[in-house]
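Under this note's numbering, the sequence shown has 28 at position 27, and the numbering climbs by one with no breaks.
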Amino acid sequence: MKNIGLGSAAFMLAPTLLTSCGTANSTEEDFKYWVWVDGNNEKTIADWKTELTGLREAGITGLIIGGGRQMLEKLIPIAQELGQEVHAWLWTMNRPGDTEAQAHPEWYAVSRNGESSLDVNPYVGYYQWLCPSKPEVQEYVKNFMVSHCDIEGLSAIHLDYVRYCDVILPKGLWAKYDLVQDHEMPEYDFCYCETCQGNFEAENGYRPDSLEDPSQDEKWRKYRWDSITKLVNQVSAAVHAEGKKMSAAVFPYPELARKLVRQSWNEWDLDIVFPMIYHNFYEEDIPWIEYATQQGVNDLNGKFPLHTGVYLPEMKPEEIAQAIAAAKAGGAKGMSFFSNGALKDERLKAFAAVKKS
Numbered sequence: 002m003k004n005i006g007l008g009s010a011a012f013m014l015a016p017t018l019l020t021s022c023g024t025a026n027s028t029e030e031d032f033k034y035w036v037w038v039d040g041n042n043e044k045t046i047a048d049w050k051t052e053l054t055g056l057r058e059a060g061i062t063g064l065i066i067g068g069g070r071q072m073l074e075k076l077i078p079i080a081q082e083l084g085q086e087v088h089a090w091l092w093t094m095n096r097p098g099d100t101e102a103q104a105h106p107e108w109y110a111v112s113r114n115g116e117s118s119l120d121v122n123p124y125v126g127y128y129q130w131l132c133p134s135k136p137e138v139q140e141y142v143k144n145f146m147v148s149h150c151d152i153e154g155l156s157a158i159h160l161d162y163v164r165y166c167d168v169i170l171p172k173g174l175w176a177k178y179d180l181v182q183d184h185e186m187p188e189y190d191f192c193y194c195e196t197c198q199g200n201f202e203a204e205n206g207y208r209p210d211s212l213e214d215p216s217q218d219e220k221w222r223k224y225r226w227d228s229i230t231k232l233v234n235q236v237s238a239a240v241h242a243e244g245k246k247m248s249a250a251v252f253p254y255p256e257l258a259r260k261l262v263r264q265s266w267n268e269w270d271l272d273i274v275f276p277m278i279y280h281n282f283y284e285e286d287i288p289w290i291e292y293a294t295q296q297g298v299n300d301l302n303g304k305f306p307l308h309t310g311v312y313l314p315e316m317k318p319e320e321i322a323q324a325i326a327a328a329k330a331g332g333a334k335g336m337s338f339f340s341n342g343a344l345k346d347e348r349l350k351a352f353a354a355v356k357k358s
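Take a look at the structure:
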């Protein structure tokens, strides 16, 4: 999935193509290219062989595959023949249609208005968010991720929606939902369940709902991004114990991610991170890709490599080379394209031309 939540948030920062960064710029030889692959079960094996071969010939050596175990088991043998690495693209905290989770309504995040996201879906019908503070949820998510680790040929588990609901959307989406999100609105502010508030009170001596404006409390903000970090690192330890790597799709850079979705991803135990730097969502230009990439690289300080994610559906073919150059200048070690459905025809030709140049 990568509809509204795909990355989705950024402040309006002046676009500027920065040229200095904390790490040496990547060369084409060590710069890895990925694509997020949808879980389209209607395609035949022959269809997939043709598509993945075309991607490999153009220069894609990494695949982040959605669609669950069935799709992974179908595509991994093809990818292995082509020399492509595969990560399992799995939803984490947003669990629409998850009947096992729905059997435990107390697992779901509660808004500042007191509404469960299971019953009242923020923004869109498929937004049903679990609460990361609950031990039962932590165990459930961990076991779900580990259950994919026995898939033969799989390299890594790739976490998506590993965050809270967007408390603020990117400005480019405000009009779509008839919103002006210049502050944190209570219906999009999570989680105020008894577990979260009780844990916070035990640590700090007061409950968030006792405050006139909980959104302004820095300790309460930190509690929530720490809750996501704790869950991620528990999952990471379990996945690593199974001999698999860990990657994640995250918001553009840590400072922004903490504010908009409580995601402090530079503190996570990952092997690779894919910040979704979808500049058009934020009404920014291509040079902003460099700025956002550099922020993440600087915050990581070498902890693990960063591969910049870009949104292709609204990108012109001639902009692909510019986006790659911006990511490299920002210090990225690779780039991932969303998604395979958009990386075809003229865009695929434009990408292949960059690889050959």
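Backbone N, C-alpha and C fix where the C-beta goes; we use that ideal spot for every residue, glycine too. Quick caveat: nothing in here was measured; it's all calculated off a predicted structure.
Residue i to residue j span [Cα, whole Å]
i: Y141; j: Q235; result: 11 angstroms
i: C22; j: E285; result: Low confidence applies here, because C22 scores a pLDDT of 35, under 50, leaving its location unreliable and the question unanswered by this model.
i: A324; j: A104; result: 44 angstroms
i: E188; j: V262; result: 14 angstroms
i: E290; j: E315; result: Note on residue identity: the sequence assigns Ile, not Glu, to residue 290. In a straight line, the C-alpha of I290 is about 15 angstroms away from that of E315.
i: A353; j: A59; result: 5 angstroms
i: A239; j: N144; result: 9 angstroms
i: D167; j: D190; result: 8 angstroms
i: L344; j: S358; result: 18 angstroms
i: V311; j: K172; result: 17 angstroms
i: K75; j: I46; result: 8 angstroms
i: V355; j: I79; result: 25 angstroms
i: N42; j: A328; result: 32 angstroms
i: Q296; j: T309; result: 12 angstroms
i: C192; j: G40; result: 30 angstroms
i: V121; j: V138; result: 19 angstroms
i: F339; j: R222; result: 30 angstroms
i: K231; j: G244; result: 20 angstroms
i: D346; j: E213; result: 54 angstroms
Sequence-distant residues of its chain with Cβ nearer than 7 angstroms to residue i (five each side left out)
i: Y109; result: S117, S118, L119, Q129, W130, L131 and C132
i: W226; result: R259, R263, Q264 and S265
i: N200; result: S134
Cβ distance (whole Å) where residue i is taken to contact residue j below 8 angstroms
i: S265; j: P255; result: 6 angstroms
i: N341; j: V36; result: 5 angstroms
i: E195; j: I169; result: That belief does not hold up - the Cβ atoms of E195 and I169 are roughly 25 angstroms apart, past 8 angstroms.
i: I278; j: P253; result: 5 angstroms
i: T294; j: L307; result: 7 angstroms
Same chain, Cβ closer than 8 angstroms to residue i, neighbours up to 5 away in sequence not counted
i: A249; result: H159, L160, D161, V163, V233, W266, W269, L271, V274 and F275
i: D31; result: K334
i: L73; result: I66, V87, A89, H149, I152 and L155
i: L83; result: L53, T54 and R57
i: Y178; result: Y124 and L170
i: T24; result: Caution applies to T24, whose pLDDT of 41 falls short of 50 and renders its modelled position unreliable; the value that the coordinates give is listed next. Excluding residues within five positions, the ones whose Cβ falls inside 8 angstroms are V298, G303 and G332.
i: I229; result: M94, P133, V163, R164, Y165, R263, Q264 and S265
Exposure of residue i, with buried meaning 16 or more beta-carbon neighbours within 10 Å
i: I77; result: buried
i: V38; result: buried
i: S156; result: buried
i: V251; result: buried
i: R70; result: exposed
i: H280; result: buried
i: S211; result: exposed
i: K220; result: exposed
i: K304; result: exposed
i: A1; result: The question about residue 1 has no answer here: the residues shown for the chain are numbered 2 through 358.
i: N302; result: exposed
i: V181; result: exposed
i: G331; result: buried
i: Q217; result: exposed
i: P359; result: Lying before the first or after the last residue shown, residue 359 is absent from the chain, which here runs from 2 to 358.
i: N114; result: exposed
i: T51; result: exposed
i: A242; result: exposed
i: Q81; result: exposed
i: G63; result: buried
Proximal residues to residue i (C-beta, below 6 angstroms), its chain only, five neighbours per side dropped
i: P97; result: Y127 and Q129
i: I61; result: Y34 and V36
i: R208; result: Q198 and E202
i: P106; result: L119
i: T100; result: none
The beta strand (DSSP E) enclosing residue i, as first and last residue numbers
i: K367; result: Since the first residue of the chain shown is 2 and the last is 358, residue 367 is not available in this structure.
i: V298; result: Here V298 belongs to no beta strand (DSSP E); instead the alpha helix (DSSP H) covers P288 to L301.
i: E311; result: Just to set this straight, residue 311 is Val in the shown sequence, not Glu. V311 -> beta strand (DSSP E) spans H308 to Y312.
i: I273; result: I273 to P276
i: A250; result: K246 to V251
Endpoints, the alpha helix (DSSP H) within which residue i is located
i: L160; result: From DSSP, L160 is part of no alpha helix (DSSP H) but of the beta strand (DSSP E) over A157 to D161.
i: S228; result: E219 to A242
i: E137; result: P136 to V147
i: A110; result: Per DSSP, A110 belongs to no alpha helix (DSSP H) and is neither H nor E.
i: L76; result: G69 to L83
i: A203; result: E195 to N205
i: E315; result: Unbroken run through E315: none, as it is neither H nor E.
i: V262; result: P255 to V262
i: A351; result: D346 to K357
i: E52; result: I46 to A59
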